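My numbering numbers the first residue of the sequence shown as -2 and each following residue consecutively.
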Amino acid sequence: MTESAKHGKVRDVLGRRDYAIIGSIVEPGSKVLDLGCGEADLLKWLVDNKQVQARGVEMDAIRVKNAIARGLSVYQGDIDSSLPGYPDQAFDYVILSQTLQETMHPMLVLKEMLRVGRRAVVAFPNFGHWRVRLSHLLSGRAPQTDLFPHRWYDSPNIHFLTIDDFEELVQEMGWTVDKRVFLSGAKEVVSRPNLTAEIAVFLFRK
-2 MTESAKHGKV
8 RDVLGRRDYA
18 IIGSIVEPGS
28 KVLDLGCGEA
38 DLLKWLVDNK
48 QVQARGVEMD
58 AIRVKNAIAR
68 GLSVYQGDID
78 SSLPGYPDQA
88 FDYVILSQTL
98 QETMHPMLVL
108 KEMLRVGRRA
118 VVAFPNFGHW
128 RVRLSHLLSG
138 RAPQTDLFPH
148 RWYDSPNIHF
158 LTIDDFEELV
168 QEMGWTVDKR
178 VFLSGAKEVV
188 SRPNLTAEIA
198 VFLFRK
């Protein structure tokens, strides 16, 4: 359980609780690569608060330009194909937050994260949450909830994973999980997370 959860709630960082968890995981002064970093909000926070050596990859050219204007080292690239250019173990942490379900080849991305980084941090929305299950059951259509507001034809999500799916993958690959945090709203979930958690955050390594 995280320190903030002992007091009942997980605080926000930049309006996102997964960022708060990631921020608590990353050690000061470490080398960090953030994949799908957007305008580098999380990277900027980590630089300012953890003095990390930060790099980012983002596909959207405007977001890359805005990130660079903020003084961050971010380049335009596709997560699915950008990592082979990095040497082995170049980073202490490779972060992929709320983007795994949008990648074309998630397994390749995860393996590359663990090649170029000593540890990987992955945060993703849990498609096994009870509201998602209920929406699908009652409507007979692609689920729409506060967490997943998109219609089927404009959703960026192309892989629908649950916490149990990711746990199974970790076990199959023989990876070691150093930390798991499951969130429902502002609260950390400790019981039946595959049913009750909205967001999962994993810190893992080979």
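A virtual CB, placed ideally from N, CA and C, is assigned to each residue, including glycine. In this text, all values refer to a predicted model and were calculated from it rather than measured experimentally.
Local Cβ density within 10 Å of residue i, reported as buried at 16 or more and exposed below that
i, result
"E0", "In this prediction, E0 scores a pLDDT of 44, lower than 50, which makes its location untrustworthy; the coordinate-derived value is nonetheless stated afterwards. Exposed, because fewer than 16 other Cβ atoms sit within 10 Å of the Cβ of E0."
"W149", "exposed"
"H4", "With a pLDDT of 41 at H4, under the threshold of 50, the predicted position of this residue should be treated as unreliable, though the coordinate-derived value follows. Exposed."
"Y72", "exposed"
"L131", "exposed"
"G26", "exposed"
"N262", "Nothing in the structure corresponds to residue 262, since the chain is present only between -2 and 203."
"G137", "exposed"
"N155", "Sequence inspection shows Ile at residue 155; the Asn mentioned does not correspond to that position. Exposed, because fewer than 16 other Cβ atoms sit within 10 Å of the Cβ of I155."
"D31", "buried"
"T100", "buried"
"G114", "buried"
"N46", "exposed"
"P190", "buried"
"H147", "exposed"
"L135", "exposed"
"H126", "buried"
"A37", "buried"
"D161", "exposed"
"D151", "exposed"
"R52", "buried"
"G171", "exposed"
"E195", "buried"
"P84", "exposed"
"G35", "buried"
"A197", "buried"
Beta-carbon proximity of residue i to residue j, cut-off 9 Å
i, j, result
"R202", "L111", "yes"
"H74", "E55", "His is not the amino acid found at residue 74; the sequence shown has Gly there. Yes, Cβ-Cβ distance for G74 and E55 is below 9 Å."
"V49", "V10", "no"
"V167", "L200", "no"
"V106", "I76", "yes"
"A64", "L93", "no"
"L69", "K28", "no"
"I18", "A183", "no"
"P103", "L144", "no"
Residues bridged to residue i (per DSSP)
i, result
"R177", "F199"
"R52", "L30"
"R13", "V10"
"F145", "Answer is none; F145 lacks a bridge partner."
"K184", "S181"
Three-way DSSP call (helix, strand, coil) for residue i in this model
i, result
"A69", "For the record, residue 69 in the displayed sequence is Leu; it is not Ala. Note: L69 maps to coil in three-state DSSP."
"P155", "This sequence places Ile at residue 155; Pro is not what is there. DSSP places I155 in coil when its eight states are reduced to three."
"D162", "helix"
"D45", "helix"
"H4", "Low confidence applies to H4: its pLDDT is 41, below 50, so where it sits in the model is not reliable, and the reading given next is rough at best. Here H4 sits in helix by DSSP."
"V91", "strand"
"A58", "helix"
"D85", "coil"
"E36", "coil"
"A64", "helix"
Proximity test, Cβ basis, 9 Å: residue i and chain B
i, result
"T100", "The structure shown contains no chain B, having only a single protein chain."
Minimum length 4: unbroken alpha helix (DSSP H) runs contained in the stretch 111 to 141: List check, alpha helix (DSSP H) in window: 127 to 136.
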